[in-house]
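Participant: First the structure, then my questions, so here it is.
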Amino acid sequence: MIHIAICDDNASELKQIKIIVEKISLIEYEIHEYTDPNECIQAIEQGMIFDCFLLDILMNKDNGIDIAQKLRETHPDTPLIFITATPEFALAGYEVNAARYYLKPLDEVCFLRDLKKILALAYAKNNDYMTISNASGLTRIRLSDIYYIESMLRTIQIHTKDKNYTMVGKISKFEESLRHQHFIRVHKSFLVNLRYVQNIFKDTITLDNGEQILLSKHRSKETHEQLVKYIQEHV
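Note that the sequence shown covers residues 974 to 1208 in the working numbering.
Shown next as structure tokens:
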């Protein structure tokens, strides 16, 4: 699911924008409404991650360009769309890497055409990540950075290229959600990213980083088959 933030201090206009956005189907998303853009920033500070911003510029208390600059501190590449009443800030908008700049009232056809493309790209990118919740808050992890996921009693440890992440959870849930992302359950305690399997010998899987993972006997056949399939698909 992707998360869309709409920031407009005019509640009526915000509602109209939301109604238009909700005409988009086939992509799973959630809309977050903010008549005070600082509440959006507070949500981000509390760990919220957004995939698209729809932002007014002319607001009573705040300037949308200033808000956009703050958003860029945590979301440097997230699509940001300005929807405002005047063209005078268009140049400043592109200085904060705005994806689009629309004037009110919205040209609904053009807006939806462009937003569908932007959200489709955001959705595809979102599927390359997973978001976990632990003592540090919400963290987005790139799937291609994960070597393997380990289960220790009720604790999950996600081993990545840069660091390890610890959280409470069940490995079965990760197995289900990552089934089509080249991850395979090789042991009751391990879920391995096939991208990094260098060698399988007897009951041991060696990864590209030199780490060795235990392969259970009853999962050996499927693991070999899935690894061969992965190699054939990526030659």
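For glycine and all other residues, C-beta sits at the position ideal for the given N, C-alpha and C.
Helix, strand or coil: which one does DSSP assign to N1011?
Facilitator: As a working note, residue 1011 is residue 38 in the sequence shown. The answer is helix: DSSP assigns N1011 an H, G or I state.
Participant: Cα separation between I1122 and V1082?
Facilitator: By 1-based counting over the sequence shown, the position of residue 1122 is 149. By 1-based counting over the sequence shown, the position of residue 1082 is 109. Using only the alpha carbons, I get a separation of about 45 Å.
Participant: Go through the stretch 989-1049 residue by residue and report every complete run of the alpha helix (DSSP H) that reaches 4 residues or more, in order.
Facilitator: Counting whole runs of 4 or more residues, the stretch 989-1049 contains the alpha helix (DSSP H) stretches 1010-1018, 1037-1047.
Participant: With 16 other CB atoms within 10 Å as the buried threshold, where does F1174 fall?
Facilitator: Residue mapping note: residue 1174 aligns to position 201 of the sequence shown, counting from 1. Label assigned to F1174: exposed.
Participant: How long is the line joining the alpha carbons of L1151 and P1060, rounded to whole angstroms?
Facilitator: By one-based count along the sequence shown, residue 1151 stands at place 178. By one-based count along the sequence shown, residue 1060 stands at place 87. Answer to the nearest angstrom: the Cα atoms are 45 Å apart.
Participant: Using the three-state DSSP reduction, which class does Q1185 fall into: helix, strand or coil?
Facilitator: On the sequence shown, position 212 is the one that residue 1185 refers to. DSSP places Q1185 in strand when its eight states are reduced to three.
Participant: Quick one, which of Y1169, R1192, T1177, I1186 has its alpha-carbon nearest H1207's?
Facilitator: For the purposes of this step, residue 1207 is taken as the residue at position 234 of the sequence shown. Considering only alpha carbons, the answer is Y1169.
Participant: Run the CB neighbour count on L1028, radius 10 Å, all protein chains shown included, and call it buried at 16 or more, exposed below.
Facilitator: Your numbering for residue 1028 matches position 55 in the sequence shown. Result: buried.
Participant: Quick check: L1064 and I997, are their CB atoms within less than 8 Å of each other?
Facilitator: By 1-based counting over the sequence shown, the position of residue 1064 is 91. By 1-based counting over the sequence shown, the position of residue 997 is 24. No; because the gap between Cβ atoms is not below 8 Å, this pair is not in contact.
Participant: With DSSP run on the structure shown, which of helix, strand or coil describes V1069?
Facilitator: Position 96 of the sequence shown, counted from the start, is the residue given in the question as residue 1069. Looking at V1069 - three-state DSSP - the assignment turns out to be coil, as it is neither helix nor strand.
Participant: Using the C-alpha atoms, what's the distance from L1053 back to A1071?
Facilitator: The sequence position of residue 1071 within the sequence shown is 98, counting from 1. The sequence position of residue 1053 within the sequence shown is 80, counting from 1. Between A1071 and L1053, the C-alpha separation is close to 5 Å.
Participant: I'd like to know whether the C-beta atoms of Q1171 and T1179 end up nearer to each other than 8 Å.
Facilitator: For this step, residue 1171 is matched to residue 198 along the sequence shown. For this step, residue 1179 is matched to residue 206 along the sequence shown. Yes, the Cβ-Cβ distance between Q1171 and T1179 is below 8 Å.
Participant: Per DSSP, what kind of secondary structure is Q1199 in: helix, strand or coil?
Facilitator: As a working mapping, residue 1199 is identified with position 226 in the sequence shown. Correct three-state label for Q1199: helix.
Participant: In the DSSP assignment, find the beta strand (DSSP E) that holds F1174 and state where it starts and stops.
Facilitator: Within the sequence shown, residue 1174 is the residue found at index 201, counting from 1. From DSSP, the beta strand (DSSP E) with F1174 extends over 1170-1174.
Participant: Starting from A1058, trace the beta strand (DSSP E) both ways and give me its first and last residue.
Facilitator: Looking up residue 1058 in the sequence shown gives position 85. Premise fails: A1058 is in no beta strand (DSSP E) and is neither H nor E.
Participant: Excluding the 5 residues flanking A984 on each side, which residues of the same chain have their C-beta closer than 6 Å to its C-beta?
Facilitator: Walking along the sequence shown from the start, residue 984 turns up at place 11. Excluding sequence neighbours, A984 sits near T1008.
Participant: At the level of alpha carbons, what is the spacing between Q1130 and S1189?
Facilitator: As a first step, residue 1130 is located in the sequence shown; it is residue number 157 there, counting from the start. As a first step, residue 1189 is located in the sequence shown; it is residue number 216 there, counting from the start. Answer to the nearest angstrom: the Cα atoms are 19 Å apart.
Participant: Pull up the distance between the alpha-carbon of Y1075 and that of E1003, whole angstroms please.
Facilitator: Sequence index remark: in the sequence shown, residue 1075 carries index 102 (1-based). Sequence index remark: in the sequence shown, residue 1003 carries index 30 (1-based). The straight-line gap from Cα to Cα measures roughly 22 Å.
Participant: From this set, Y1102, N1099, S1162, A1108, which residue's C-alpha is nearest M1125's C-alpha?
Facilitator: Position 152 of the sequence shown, counting from 1, holds the residue named residue 1125. Ranking the options by Cα distance to M1125, first place goes to S1162.
Participant: I'd like the list of long-range same chain contacts for N1033, defined as Cβ closer than 8 Å, with 5 residues on each side in sequence excluded.
Facilitator: In the sequence shown, residue 1033 corresponds to position 60, counting from 1. Closer than 8 Å at Cβ, skipping near neighbours: D982.
Participant: H1191 by DSSP, collapsed to three states: which one?
Facilitator: Your numbering for residue 1191 matches position 218 in the sequence shown. Looking at H1191 - three-state DSSP - the assignment turns out to be helix.
Participant: In the DSSP assignment, find the alpha helix (DSSP H) that holds N1099 and state where it starts and stops.
Facilitator: For the purposes of this step, residue 1099 is taken as the residue at position 126 of the sequence shown. From DSSP, the alpha helix (DSSP H) with N1099 extends over 1081-1099.
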